[in-house]
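These notes are about the structure you will find just below.
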Amino acid sequence: MRRLVLEAPYTMKMTEAPIPVPDPQQVRIKVHKIGVCGSDPTIYKGLHPYVTFPVVLGHEISGTIDAVGENVSKNRIGQRVTIIPHQVCGHCDPCKHEIYNFCEELKCTGAEADGACCDYFCIDSKMALEMPDTMSMEMGALVEPACVAYHGAKRGQIQRTDKVLIIGAGPIGMFCMQSCFALGAKEVYMADMDAARLKLAKSLGVTGVIDVSKEDLISGLTRLVGTEKNIDVFYDCVGEKGSVLNNILSVAKRGSRVVVIGVLQKEYVIPLLPDFVQHELTLSGTTMYVPQDYREMIELMGTGVIRIDGMVSHHFSLEELPNVLDMIVNRREKTFKVVINVAGE
Ligand SMILES: [Zn+2]
Ligand SMILES: [Zn+2]
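Under the numbering used here, the first residue of the sequence shown is numbered 785, with each subsequent residue one higher.
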């Protein structure tokens, strides 16, 4: 079978490998689609702190179970599945409660452990979740980023009366917006500097948008909700050096909640951080997701509550992935969500 190996930064090679045999508790997946994540170019460039080379990328995965280990029911063969890309110890306290994102021995598939950029891929059977027929393989590949956003959205403790502002209208922001509505938020607004992304947000049901390339946050919020201090929950879907979090702190009313989903870089600068104490803000972090998020997301996508319409900007074959990563790293073309078709379709 084909197996695309990242041998060193910027060096990806297609290799031929034997089709793997599932361990007793594993299932084997015939891989259909893989989503390209924002973290993949970081790994490609050799800048991911936990990745060692060689490594196989691919953690946003959908496919069909084509073989099972001896301890797994044969009834699972043929199931269309989406994958929780976690390899865990299985016996620590968090693992016993299915809080795999807190397992001290957690290895993420496609980063610390080899991912699914290959034709067949084995994983623990409990990490392969069946999808309803209403979900396409493309949706299946996007359950992972959707769950990053959904888990983060839950950290904001959304109430029915809440007005929400999300900064950063990338794929995570787009899923975060839809998740906030699914969790019952009254109004959800988004801010970004890219008009095309804000247009997509409108087509996916956002209440209103602020194009920060044309209007500052304070005027935008005053226009949309009457005053700049009228938002209950904020989501920072950018992270980076902290300027978005700092902007949020500048408009956060007393007692409001702030969730940081985007990854903050080490050299962050957040001069207004002390305000979070004085204004009694709740500041929450979030990391990945738990299986319950996956089960709920499969239900939400399967019933059309959370949609991916317009989100996939590009499709490529597995052979094209090295060029695609080069294209993203060198910003040769604007992409939103890129999906790799590993098997036909
Ligand atoms: Zn991802
Ligand atoms: Zn564990």
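Positions of the beta carbon are idealized from the N, C-alpha and C atoms, including for glycine.
Remember, it's a predicted structure, so these values are computed and weren't measured experimentally.
Looking at C-alpha atoms only, which residue of the options is the closest neighbour of residue i?
{"i": "E882", "options": "G830, A953, Y1078 and V1074", "result": "V1074"}
{"i": "L929", "options": "G842, P1106 and Q871", "result": "For the record, residue 929 in the displayed sequence is Pro; it is not Leu. The shortest C-alpha separation from P929 is found at G842."}
{"i": "R812", "options": "I803, G819 and V820", "result": "I803"}
{"i": "L1084", "options": "V1047, I1112, M919 and Y973", "result": "M919"}
{"i": "K1121", "options": "D877, Y834, L926 and L1067", "result": "L926"}
{"i": "Y794", "options": "E922, D1059 and N1114", "result": "N1114"}
{"i": "N859", "options": "F837, V872, Q1076 and I849", "result": "I849"}
{"i": "Y1078", "options": "Y973, K938, H832 and S823", "result": "K938"}
{"i": "Y904", "options": "C931, V1123 and V840", "result": "V840"}
{"i": "V1089", "options": "G822, V993, F965 and V856", "result": "F965"}
{"i": "I1124", "options": "R1116, L1102 and I1112", "result": "L1102"}
{"i": "M1081", "options": "H935, P825, F1060 and K998", "result": "H935"}
{"i": "Q863", "options": "S909, L1105 and Q1049", "result": "S909"}
{"i": "I1092", "options": "G899, G924 and M785", "result": "G924"}
{"i": "G940", "options": "I951, L967 and G952", "result": "L967"}
{"i": "R786", "options": "L1105, G989 and M974", "result": "L1105"}
{"i": "T1006", "options": "G989, N1030, Y973 and R1038", "result": "Y973"}
{"i": "V1126", "options": "P808, G899 and I861", "result": "G899"}
{"i": "S823", "options": "R1116, N1030, P808 and I1112", "result": "I1112"}
Short check: CB of residue i to CB of residue j, under 8 Å?
{"i": "V1009", "j": "I1002", "result": "no"}
{"i": "P916", "j": "V852", "result": "no"}
{"i": "V1022", "j": "V820", "result": "no"}
{"i": "S846", "j": "H870", "result": "no"}
{"i": "L982", "j": "D995", "result": "yes"}
{"i": "A792", "j": "C902", "result": "no"}
{"i": "E844", "j": "I868", "result": "no"}
{"i": "T991", "j": "E1012", "result": "no"}
{"i": "E854", "j": "C873", "result": "no"}
{"i": "V865", "j": "E914", "result": "yes"}
{"i": "I1032", "j": "V1017", "result": "no"}
{"i": "Y1019", "j": "C960", "result": "yes"}
{"i": "A985", "j": "V993", "result": "yes"}
{"i": "L790", "j": "I827", "result": "yes"}
{"i": "S987", "j": "G1094", "result": "yes"}
{"i": "G1069", "j": "V1044", "result": "yes"}
{"i": "I951", "j": "A975", "result": "yes"}
{"i": "M1072", "j": "V932", "result": "yes"}
Would you decide whether residue i is buried or exposed? Buried here means 16 or more other CB atoms lie within 10 Å of its CB.
{"i": "M977", "result": "exposed"}
{"i": "G1046", "result": "buried"}
{"i": "V1099", "result": "Before going on, a small fix: residue 1099 reads as His here, not Val. H1099 comes out exposed."}
{"i": "K829", "result": "exposed"}
{"i": "Q810", "result": "buried"}
{"i": "Q962", "result": "buried"}
{"i": "P833", "result": "exposed"}
{"i": "S1040", "result": "buried"}
{"i": "D877", "result": "exposed"}
{"i": "G1004", "result": "buried"}
{"i": "V1061", "result": "exposed"}
{"i": "P825", "result": "buried"}
{"i": "L949", "result": "buried"}
Practice problem: Determine, using beta-carbon pairs with one atom in the segment 942-960 and one in the segment 885-899, whether at least three such pairs fall under 8 Å. | Solution: no
Quiz item: Counting Cβ pairs, one atom from each stretch, are 3 or more of them under 8 Å apart for the segment 1052-1067 and the segment 956-964?
Solution: no
Quiz item: Quick check: the segment 1020-1037 against the segment 1053-1061, are there 3 or more CB pairs under 8 Å?
Solution: yes
Exercise. Please list, in chain order, all residues with a C-beta atom less than 5 Å from at least one heavy atom of ligand 2.
Key: V872, C873, C876, C879 and C887
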